[in-house]
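Novice: In terms of my numbering, the sequence shown has 261 at position 261, counting the first letter as 1, and numbering is strictly consecutive.
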Amino acid sequence: MTIRRRNIRKLFRFLIGLICGYFLLQVIQFQKFMINSNLIIDVPALEKVVFKIQSNVSSNVKPLNMFDETFIYKINPADSMCDNSNCDSLQMILIVKSYVFNFGQREAIRRTWGSTTKLRSKTVFIVGYVDGIDNLVKHESTHNKDIIQLNMPDKYENDVYKTIYSILWLIRVNLKTEFVVFVDDDRLVNQMNIYYVATNNIYSTDSLMLGYRLSFSKASRDNSSKRYISPEDYPFVFFPPYLIGGNILTNIKTIKILAIAVAFIKVIPVDDAYIGIVAKAAKIKLKHYSRFLPFKESLSVLRKAVSSPGYEATYLLIRDWSLLNIA
1 MTIRRRNIRK LFRFLIGLIC GYFLLQVIQF QKFMINSNLI IDVPALEKVV FKIQSNVSSN
61 VKPLNMFDET FIYKINPADS MCDNSNCDSL QMILIVKSYV FNFGQREAIR RTWGSTTKLR
121 SKTVFIVGYV DGIDNLVKHE STHNKDIIQL NMPDKYENDV YKTIYSILWL IRVNLKTEFV
181 VFVDDDRLVN QMNIYYVATN NIYSTDSLML GYRLSFSKAS RDNSSKRYIS PEDYPFVFFP
241 PYLIGGNILT NIKTIKILAI AVAFIKVIPV DDAYIGIVAK AAKIKLKHYS RFLPFKESLS
301 VLRKAVSSPG YEATYLLIRD WSLLNIA
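#1: How would you label D186, buried or exposed, when you count the other beta carbons within 10 angstroms and need 16 or more for buried?
#2: Going along the chain, which residues of its own chain have a beta-carbon closer than 7 Å to the beta-carbon of N65, five neighbours each way excluded?
#3: Quick one, which of G276, T205 and S298 has its alpha-carbon nearest T254's?
#4: Look up F182 in the DSSP assignment and give the residues it is bridged to.
#5: Just to confirm, are K162 and K256 a CB contact at a threshold of 7 Å?
#6: List the residues that DSSP assigns as beta-bridge partners of H139.
#7: Could you tell me the boundaries of the alpha helix (DSSP H) in which S300 lies?
#8: Tell me whether G104 sits in a helix, a strand or coil according to DSSP, three-state version.
#9: Would you check if the distance between the CB atom of N247 and the CB atom of F179 is smaller than 7 Å?
#10: Out of L323, M152, F295 and S300, state which residue places its alpha-carbon closest to the alpha-carbon of Y311.
#11: Mind checking N151: buried by the 16 CB within 10 Å criterion, or exposed?
#12: Considering just the uninterrupted stretch of the alpha helix (DSSP H) at V50, what are its terminal residues?
#13: For I167, collect the residues of the same chain with a Cβ closer than 8 Å to its Cβ; drop the 5 residues on either side in sequence, then sort them by chain order.
#14: Between which two residues does the alpha helix (DSSP H) carrying T163 extend?
#15: Tell me the DSSP secondary structure of R227 in three-state form.
#16: Taking only beta-carbon atoms, is K280 less than 7 Å away from chain C?
#17: Kindly identify the DSSP beta-bridge partner or partners of S220.
#18: For S300 and T123, I'd like the C-alpha separation in whole angstroms.
#19: To the nearest angstrom, how far is the alpha carbon of I275 from that of R319?
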């Protein structure tokens, strides 16, 4: 019996040592990442570059990316969405990243959280293109005046460009709005809750983005994963902290910084991680807020939440919106 107990203790100590060793290795890897990424991401002092450009002072730093907006927008609602001055002094604009085939999800959003009457807000959808459905998208755009269509294939690795061109589009149209919300089309959003969170957490002078923050997130090397990224594109084990891309809240000041900063940071095909890298380089603060739910919860939780995923099925969105009764 005594020998057995000793063996159990040895096994227990071995397992504890193994676990501790694993976590120590993770810490060492993360520290190495922080040191190396600081050397790369913080060069060339992007915060100063942004300040110079905003001050109309020339910078010696050459941009890595050129985002030509001349031909990128197949459909641009800028002129038609704001007729009769209905875009003056918006409290919030919501940019919804949507797959071009998701006609039903976009219509469900228009009938629910996308058209609240309690705020001065606008909801705009950004999509890519797929051959053969141009007429359907044009009809939807003509009827609703809320579609931005990019002249690039609608696939996961181009989602990052939906975010980038959303940012650039906001600067181009120069909408007067207090807050900007980026959200995926599989989410239910409570606009009143998100506006309350915005007014209590983000000031016009802040360089800040608010959402569900992830730290210690590893770059995927599994080439069967849609989030796969090669060591050539991103050589580090970890990503800097980032906000999950399903829902991000910010202000116009931060949008103006991002619009400049994205030209100087190499684009990677992982949307939320890329914006996290840009934010780190441009010294934009990322603030965690747990009510940006990372997974679907019960209705009792949803009443207090900002947004929730899990609404790929349009009937669920319409049903839960009706049950929440927050139109």
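Ideal placement from N, C-alpha and C gives every residue a C-beta, glycine not left out.
Specialist: On the basis of the coordinates in this document:
#1: Within the sequence shown, residue 186 is the residue found at index 186, counting from 1. D186 is buried by the Cβ-count criterion.
#2: Mapped onto the sequence shown, residue 65 falls at position 65. Only V262, A263 and V267 meet the Cβ criterion.
#3: For this step, residue 254 is matched to residue 254 along the sequence shown. Comparing Cα-Cα distances from T254 to each of G276, T205 and S298, the minimum goes to T205.
#4: Taking the sequence shown and counting its residues from 1, one reaches residue 182 at position 182. Its beta-bridge partners are I95 and I248.
#5: Position 162 of the sequence shown holds residue 162. Position 256 of the sequence shown holds residue 256. Contact flag unset, no.
#6: The residue labelled residue 139 in the question sits at position 139 within the sequence shown. DSSP, once it has assigned bridges, lists no residue as partnering H139.
#7: Here residue 300 refers to the residue found at position 300 when the sequence shown is read from its first residue. Unbroken alpha helix (DSSP H) run through S300: L299 to L302.
#8: Here residue 104 is taken as the residue at index 104 of the sequence shown, counted from 1. Three-state DSSP puts G104 in a helix.
#9: Translated into the one-based positions of the sequence shown, residue 247 becomes position 247. Translated into the one-based positions of the sequence shown, residue 179 becomes position 179. The answer is no: Cβ separation not under 7 Å.
#10: Your numbering for residue 311 matches position 311 in the sequence shown. Of L323, M152, F295 and S300, the residue nearest in Cα terms is F295.
#11: Counting from 1 along the sequence shown, the entry for residue 151 is found at position 151. N151 should be labelled exposed.
#12: As a working mapping, residue 50 is identified with position 50 in the sequence shown. Unbroken alpha helix (DSSP H) run through V50: L46 to Q54.
#13: Sequence index remark: in the sequence shown, residue 167 carries index 167 (1-based). Closer than 8 Å at Cβ, skipping near neighbours: I255, L258, A259 and V262.
#14: Counted from its first residue, the sequence shown places residue 163 at position 163. Note, T163: alpha helix (DSSP H), D159 to V173.
#15: Taking the first residue of the sequence shown as position 1, residue 227 is located at position 227. In this structure, R227 counts as coil in the three-state DSSP scheme.
#16: Any reference to chain C falls outside this structure, which holds one protein chain only.
#17: For the purposes of this step, residue 220 is identified with residue 220 of the sequence shown, where counting begins at 1. In the DSSP output, where bridge partners are listed per residue, S220 has Y228.
#18: Along the sequence shown, read from residue 1 onward, the residue named residue 300 stands at position 300. Along the sequence shown, read from residue 1 onward, the residue named residue 123 stands at position 123. S300 and T123: Cα-Cα distance of roughly 26 Å.
#19: Against the sequence shown, residue 275 aligns to sequence position 275. Against the sequence shown, residue 319 aligns to sequence position 319. Roughly 33 Å between the two C-alpha positions.
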